[in-house]
Every structure is written in structure tokens, then in C-alpha cells.
Amino acid sequence: MKVEVQWKKLVKPLVPTPSDRQKWMLTSMDELQMPNYVGVIFYYRDNAENPGGDMSRTTVVLSTVMTLGVEFVHAKVDGQIDQLLHGDPDMDLLDHLSQFPANIVGNPLVVIQVNTFKCGGSAVALRSTHKIGDVYTMAMFIN
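Count along the sequence shown starting at 1, add 90, and that's the number in this note's numbering.
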């Protein structure tokens, strides 16, 4: 299966971040370590009531909950979601469904990638840098 990125967008907060929340004190270990992203992918079969989802609405919702920018990526997958879910996992494909920045300077803290399949299904990937939270923090954000 081929994953083709349609567009990327840095979703900025709807309201500017208050000055008292703009700087965080990181531990010396966080300062020294290379960027480490943790992530999760959610899979959804076709929903006839919401085909493909509303990407513009998603970016508006993101802008209201974030205090810093989020990279939002939309990609199309040349295949069926059932091929992915019922076969052996293709690690290269999973990497393309959940891409993360390779540049060390200026990386976003959170990357959300929505992948739409030919069948109408989707895979939503969320990755965040470990500097701002762990898997528990990610679960709280998702809820």
C-alpha cells in the first residue's frame, strides 16, 4: 500500500498562550536527550454518516485545546483498511501512517496524521515528544 501526504498544516492556538505558560523547565535529562516521540494509531472502518471526516472541523477543535502548535497531516492510502487489519503488520506501512519529524531543530511537540483509505476507513495517528508527556499524558489528551 502507498501512503501519499495530501497536505500538512501547523495548527496554531485559537487564543495566544498566556505568558506564564510559554516556558517550561525541563529536567537536565530531557535537555540532553535526542527528541523521542511516542505514539498510537487508531483504526476506524467506513462510517456512512461521516465519510472521510471533516478535516476543517478537526483543525478548529485542535486550535481550541492546544496552548502550542500541533502539526496536522492528511494523507491518502492506496488500499483497503481490512488489508492492514487482517494481515501481518507491515512495519514500513505503519511508519508511513504515523510519520514524525526527522529534523532535530524546530520539531512540533505533537503530530496528528489522519490517513484515509479507498474504502472510506481511516487511521488516526498521534505522536508527541516525550519532553511534554508520557503515554499516560497522551491517553488523557485523547480522552
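The beta carbon of each residue, even a glycine, is placed where N, CA and C say it ideally should be.
Can you tell me where the beta strand (DSSP E) holding residue i begins and where it ends?
{"i": "V105", "result": "Unbroken run through V105: none, as it is neither H nor E."}
{"i": "L216", "result": "212-219"}
{"i": "D168", "result": "160-168"}
Should residue i be labelled buried (16 or more other beta-carbon atoms within 10 Å of its own) or exposed?
{"i": "Q96", "result": "exposed"}
{"i": "P141", "result": "At P141 the pLDDT is 47, less than 50, meaning the model places this residue with poor confidence; the figure from the coordinates comes in the next sentence. When all chains shown are included, P141 counts as exposed."}
{"i": "A213", "result": "buried"}
{"i": "I194", "result": "Interpretation of I194 is limited by its pLDDT of 46, a score under 50 that renders its predicted location unreliable; no figure is taken from the coordinates."}
How many Å lie between residue i and residue j at the Cα?
{"i": "G177", "j": "T206", "result": "18 Å"}
{"i": "Q275", "j": "S118", "result": "In the structure as shown, the chain begins at 91 and stops at 233. Residue 275 is therefore absent and cannot be evaluated."}
{"i": "V128", "j": "R135", "result": "24 Å"}
{"i": "M124", "j": "I202", "result": "20 Å"}
{"i": "S218", "j": "V93", "result": "21 Å"}
{"i": "Y133", "j": "T227", "result": "20 Å"}
{"i": "N126", "j": "H220", "result": "6 Å"}
{"i": "K98", "j": "Q170", "result": "23 Å"}
{"i": "V101", "j": "P179", "result": "31 Å"}
{"i": "E161", "j": "M181", "result": "22 Å"}
Nearest chain D C-beta to residue i closer than 9 Å, yes or no?
{"i": "V167", "result": "In the structure shown, chain D cannot be found, because there is only a single protein chain."}
Could you pull the DSSP bridge partners for residue i from this structure?
{"i": "H186", "result": "H186 is not bridged to any residue."}
{"i": "V130", "result": "L216"}
Following the continuous alpha helix (DSSP H) through residue i, name the residue where it begins and the one where it ends.
{"i": "Q173", "result": "171-176"}
{"i": "I202", "result": "First-last for I202: 200-207, but that is the beta strand (DSSP E), not the alpha helix (DSSP H)."}
{"i": "D120", "result": "118-122"}
{"i": "M228", "result": "225-232"}
Assuming residue i contacts residue j under a Cβ cut-off of 8 Å, what Cβ separation, rounded to an integer in Å, is found between them?
{"i": "I131", "j": "L187", "result": "6 Å"}
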